[in-house]
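Participant: What follows is a single structure, and I will ask about it in a moment.
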Amino acid sequence: MAQNSSHPTVESTVATTLDPSAWKEVRIAARKLLSKELTPRIEESENTGVFAHEVLKKMGAAGLAAPMLPEPYGLGDLMAQTLIAEEMGALSSGFGLSVLASVCLFGANVGRHGTEEQRQKYLPGIASGEKIGCWGLTEPATGSDALSIKTRCQKDGDHYVLNGSKTFITNAPIADFFIVVTREYGADGKPIEGFQGGTAFILERGMPGLRTGNPFHKLGHWSSPTGEVFLENCRVPASAVLGTPGGAFGDMKYSLDVERGVFGGLGTGLMRFCLETVVKYGAQRKQFGVPLLEHQMIQEKVAEISARFELISAYQNAVITKLMRGEGANKEAAILKVMGSRFANEVADEAVQALGGYGYMREYQVERCLRDAKLYDIGGGTSEIQKLIIAKQTIREILTHGHSS
Ligand SMILES: Cc1cc2nc3c(=O)[nH]c(=O)nc-3n(C[C@H](O)[C@H](O)[C@H](O)COP(=O)(O)OP(=O)(O)OC[C@H]3O[C@@H](n4cnc5c(N)ncnc54)[C@H](O)[C@@H]3O)c2cc1C
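If you read the sequence shown in this note's numbering, its first letter stands for residue 1, the second for the next number, and so on.
Written out as structure tokens, the structure reads:
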């Protein structure tokens, strides 16, 4: 594979290593392992905000942490990763968020854009789950408008000096490895403006000039630590650059589509959990002398939830398949994200309602789903930004070809 290229060669060349029956086995193995190892730890992890690292290590030992990484660290298999994401999402979206931030945001970007040396250094620890990675783009004053980042890097001989801060970074408080996206400043002290001035770096905890803040308190995903990264005259060798200097924004384009596809699995899993909870609860809870499931307005909820889950599952499958073929899926990944988020929020809301007061209590966990689902509308590019992507491409397709895709 050519280094420093945003072309999706890693995923497309090895996509055939697993087939649908192997994917089924991956799903079953992940479900078994997570149900044994993660289920007993969810409540404690949610209550304390401590990420269940031991479970990630067990996933790594079983080869279930990072199948999307390129060989020999993984299988280059996005579908397997997405199915595992679904299994995590069905138990704890918070746990899944931290795992995917490490594997999909840090690991896959190193796999895709890193040098051979960088891959050998960082990917074994990510694949085994022993090490935790994170990826930092967002800053206190810059979210959706990513090109406006202010964290700066300036060349100093064969080193770079980094200054600035990142916020809302998943895993920042616990990460061993960091990717930070910066804006490059020229020798004249002025920023290199626009698309060409972004440079990403791989940093490690313990480097002078890098420190992280305490985990934030937030609406949901309590078991996934989120926090800040501060860079104060952090001096790193040029070998810490990830990808081409000045090419970080270009590199990100494909990575974000992959991220939207794979992270979508968390929401699909959350919907499946809500569906199963509503049906199981509705079968045993009686009101007016009959099980809730016999009331047609409860059946309507089952139907609405089931329809959303099935639609998103099928569309997620189509988007991941497209990405694995190496085809562009910018619009499709945005559609998956905006509709998956909307459906997950609606489904969690309906599930709480279907369980009534018990749904509002923590015991049945659908209240956590309702809190967790809101992040899907925000992280990885908000729903509004996804709609801008969809509209822009749709308008271009119709005005250029006379029809959409
Ligand atoms: C729990 C959590 C984990 C996260 N993890 C990470 C991570 O690991 N790494 C990372 O880099 N970031 C991470 N983020 C940050 C996330 O990606 C940003 O929050 C998101 O991109 C939105 O940026 P913002 O919060 O600055 O909102 P803003 O960009 O300030 O947007 C505020 C509102 O304005 C809307 N808006 C903005 N621009 C437009 C426009 N042009 N048209 C219409 N509406 C617009 C937005 O949709 C939103 O509704 C995380 C966030 C959370 C909450």
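From the three backbone atoms N, C-alpha and C, an ideal C-beta is built for every residue, glycine too.
Keep in mind it's a predicted model, so treat the numbers as computed, not measured.
Given this structure, state the Cα-to-Cα distance separating Gly357 from Met271, to the nearest angstrom.
Facilitator: 20 Å
Participant: Between Gly157 and Ile192, is the Cβ-Cβ spacing less than 8 Å?
Facilitator: No, the pair does not count as a contact, with Cβ atoms beyond the cut-off.
Participant: Going by C-alpha distance, which of Thr182, Asp188, Ser144 and Cys104 is nearest Phe201?
Facilitator: Thr182
Participant: Is the closest heavy atom of ligand 1 to the C-beta of Thr244 under 7 Å?
Facilitator: no
Participant: Pull up the distance between the alpha-carbon of Leu242 and that of Val229, whole angstroms please.
Facilitator: 18 Å
Participant: Over the uninterrupted alpha helix (DSSP H) stretch that includes Leu83, give me the two end residues.
Facilitator: Leu78 to Leu91
Participant: For ligand 1, any of its heavy atoms closer than 7 Å to the Cβ of Glu228?
Facilitator: no
Participant: Enumerated in chain order, which unbroken segments of the beta strand (DSSP E) with a length of 3 residues or greater are wholly contained in the segment 114-188?
Facilitator: List check, beta strand (DSSP E) in window: 133-136, 152-156, 159-170 and 177-185.
Participant: Please classify Glu11 as buried or exposed, where buried requires at least 16 other C-beta atoms within 10 Å of its C-beta.
Facilitator: Confidence at Glu11 is low in this model, with a pLDDT of 39, below 50, so its placement is unreliable and no value can be given for it.
Participant: Is Arg31 helix, strand or coil by DSSP?
Facilitator: helix
Participant: Within 10 angstroms of the Cβ of Ser102, are there 16 or more other Cβ atoms? Answer buried if so, exposed if not.
Facilitator: Buried: at least 16 other Cβ atoms inside 10 Å.
Participant: First and last residue of the beta strand (DSSP E) that includes Glu228?
Facilitator: Element bounds for Glu228: Thr226 to Pro237.
Participant: Which residue comes first and which comes last in the alpha helix (DSSP H) that contains Thr268?
Facilitator: Ala248 to Gln284
Participant: Does ligand 1 have even one heavy atom less than 7 Å from the beta-carbon of Trp222?
Facilitator: no
Participant: Decide yes or no for the touch test of the segment 301-310 against the segment 377-384: beta carbon pairs closer than 8 Å, at least 3 of them.
Facilitator: Counting Cβ pairs under 8 Å, fewer than three are found: no touch.
Participant: Taking 7 Å as the cut-off, is the CB of Lys218 close to at least one heavy atom of ligand 1?
Facilitator: yes
Participant: Distance check for Met79 and Trp23, CA to CA, integer angstroms please.
Facilitator: 7 Å
Participant: Sorry if obvious, but does the Cβ on Leu231 come closer than 7 Å to a heavy atom of ligand 1?
Facilitator: Taking 7 Å as the cut-off, the C-beta of Leu231 does not count as close to any heavy atom of ligand 1.
Participant: Which ranges would you report for the alpha helix (DSSP H) in the segment 311-369 if only whole runs of at least 4 residues count?
Facilitator: 330-355 and 357-360
Participant: Per DSSP, which one or two residues make a beta bridge with Glu204?
Facilitator: Bridge partners of Glu204: Phe177.
Participant: Which class does Leu210 belong to by DSSP, given the choice of helix, strand or coil?
Facilitator: strand
Participant: Closer than 7 Å: is that where the CB of Thr212 sits relative to any heavy atom of ligand 1?
Facilitator: Taking 7 Å as the cut-off, the C-beta of Thr212 does not count as close to any heavy atom of ligand 1.
Participant: So is the beta-carbon of Cys134 under 7 Å away from any non-hydrogen atom of ligand 1?
Facilitator: yes
Participant: Alpha carbon to alpha carbon, how far is Met68 from Ile312?
Facilitator: About 21 Å.
Participant: Would you mind working out which of Ile84, Gly63, Leu83 and Thr82 sits nearest Gly74, comparing C-alpha positions?
Facilitator: Gly63
Participant: Compute the beta-carbon to beta-carbon distance between Thr268 and Glu86, rounded to the nearest angstrom, for a pair I have assumed lies under 8 Å.
Facilitator: 5 Å
Participant: Here's a check: name, in chain order, each residue in its chain whose Cβ is nearer than 7 Å to the Cβ of Leu370, leaving out the five neighbours to either side.
Facilitator: Ala348, Asp349 and Val352
Participant: Which residues in the same chain have their Cβ closer than 7 Å to the Cβ of Gly227, if we skip the five residues on either side of it in sequence?
Facilitator: Ile169, Ala172, Pro173, Thr212, Gly213, Asn214, Pro215 and Phe216
Participant: Can at least three beta-carbon pairs, one atom from the segment 142-150 and one from the segment 102-122, be found at a separation below 8 Å?
Facilitator: No, they do not touch.
Participant: Return yes when the C-beta of Ala200 is under 7 Å from any heavy atom of ligand 2, and no when it is not.
Facilitator: Of the ligands this structure carries, namely ligand 1, none is ligand 2.
Participant: At which residues does the alpha helix (DSSP H) containing Ile395 begin and terminate?
Facilitator: Ser383 to His401
Participant: Is any non-hydrogen atom of ligand 1 found closer than 7 Å to the C-beta of Thr170, if you look at the structure I gave you?
Facilitator: yes
Participant: What does a CB cutoff of less than 6 Å around Ala15 pick up in its chain, not counting 5 residues either side in sequence?
Facilitator: For Ala15, the predicted model reports a pLDDT of 45, less than 50, meaning its position is unreliable and no value from the coordinates is stated.
Participant: Regarding Thr182 and ligand 1, is the C-beta to nearest heavy atom distance less than 7 Å?
Facilitator: no
Participant: Any idea what DSSP makes of Gly107, helix, strand or coil?
Facilitator: In the structure shown, Gly107 falls within a helical segment according to DSSP collapsed to helix, strand and coil.
Participant: So is Glu139 buried or exposed if we call it buried at 16+ other beta carbons inside 10 Å?
Facilitator: Classified as buried, Glu139 has 16 or more neighbouring CB atoms from the shown chains inside 10 Å of its CB.
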